[in-house]
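Sequential numbering of the sequence shown, starting at 530, is according to our numbering.
Presented below is the structure to which this report refers.
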Amino acid sequence: MENHKEKILVVDDEASIRRILETRLSMIGYDVVTAADGEEAIDTFHHAIPDLVVLDVMMPKLDGYGVCQELRKESDVPIIMLTALGDVADRITGLELGADDYVVKPFSPKELEARIRSVLRRVSKNGNSGIPSSGVISVHTLRIDTNKRQVYKGDERIRLTGMEFSLLELLVSRSGEAFSRSDILQEVWGYTPERHVDTRVVDVHISRLRAKLEEDPSNPELILTARGTGYLFQRIVEPGEMP
């Protein structure tokens, strides 16, 4: 049986960047489709059904933020934003709209390839050492199914992106243990400790999770801030265990 080639949609209005990424990503085993503007990106997405989208911010017709918003209305596909904007707040905007990561232009193609591998590997990864054999964790009104990578709040399914689920899975699997932002970046995004990164990637994803899972996101009871450290999920007490 032929191995499934993961498909990547590259969206950028610069033809040279599309050509370079299409060539390089094809050479390392991906099936690549491209689009030159935001409207074409949405059409191509519906026809190609990619496994990951590399999405430029500044584009004609519909910018990357608009494309990200439209895709998130219907899909949890991993999205990596390409941004040439100097203002960090503008980069964070993409994350707040649902992007999984971003790479700043001008970028090294090798760096982008590493980000793609890391995101695809993480969103397809199942299982974690602290997860029960059933793969299902219940806490308060939440039911987290790590086998199906789904979360329910009561009877309602809560849609999480792949990286949001991976972050939640990490915190839940070691509930009560505080993680630094650097630890989370290494565990979930695959950033190496010595590489300088903007840890607000973690903060924005935590904020998104709280907005979806907490009764009162401004006063979280599940995903807690560990002062001076980072974040932790409240300790889950197993049946029969002393709290």
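Each residue gets a CB set at the ideal place from its N, CA and C atoms; glycine is no exception.
Burial state of residue i, where buried means 16 or more other Cβ atoms lie within 10 Å
i, result
"G757", "exposed"
"G558", "exposed"
"R650", "exposed"
"H734", "buried"
"S747", "exposed"
"P635", "exposed"
"R764", "exposed"
Delimiting residues of the alpha helix (DSSP H) encompassing residue i
i, result
"S711", "710 to 713"
"S736", "729 to 742"
"V617", "617 to 625"
"V717", "It is not in any alpha helix (DSSP H) - V717 carries neither H nor E in the DSSP assignment."
"E599", "593 to 601"
Three-state secondary structure assigned by DSSP to residue i
i, result
"F636", "coil"
"K682", "strand"
"I557", "coil"
"L611", "strand"
"G656", "Any reading at G656 must be qualified, since the residue scores a pLDDT of 48, below 50, and its modelled position is unreliable; the value itself is stated next. In this structure, G656 counts as coil in the three-state DSSP scheme."
"I571", "helix"
"I666", "strand"
"V562", "strand"
"I549", "helix"
"I645", "helix"
Cβ-heavy atom distance, residue i to the ligand FAD, below 8 Å
i, result
"G593", "For the structure depicted, the ligand FAD is absent and the ligand set is empty, with no information on it obtainable."
Nearest to residue i (by Cα), restricted to the options the options
i, options, result
"E706", "H575, D572, A544, L753", "L753"
"V586", "L624, E535, E716", "L624"
"E693", "A643, V652, S709", "V652"
Range covered by the beta strand (DSSP E) that runs through residue i
i, result
"L697", "Run containing L697: none in the beta strand (DSSP E); it sits in the alpha helix (DSSP H), 691 to 702."
"A755", "752 to 755"
"D585", "581 to 585"
"L538", "536 to 540"
"G776", "Nothing can be reported for residue 776: it is not among the residues displayed for the chain, which extend from 530 to 772."
"L671", "671 to 674"
Problem set entry | At least three beta-carbon pairs within less than 8 Å, the stretch 569 to 581 to the stretch 548 to 557 | The stretch 569 to 581, when compared against the stretch 548 to 557, does not touch it at the 8 Å Cβ threshold.
For this session: Tell me, please, whether the stretch 624 to 638 touches the stretch 663 to 677 by the rule of three or more beta-carbon pairs shorter than 8 Å.
Result: Segment contact: the stretch 624 to 638 against the stretch 663 to 677, fewer than three CB-CB distances shorter than 8 Å; contact not assigned.
Exercise. Are the stretch 578 to 595 and the stretch 604 to 612 in contact at 8 Å, needing three or more beta carbon pairs?
Worked result: Below 8 Å, enough C-beta pairs join the stretch 578 to 595 and the stretch 604 to 612 to call them touching: three or more.
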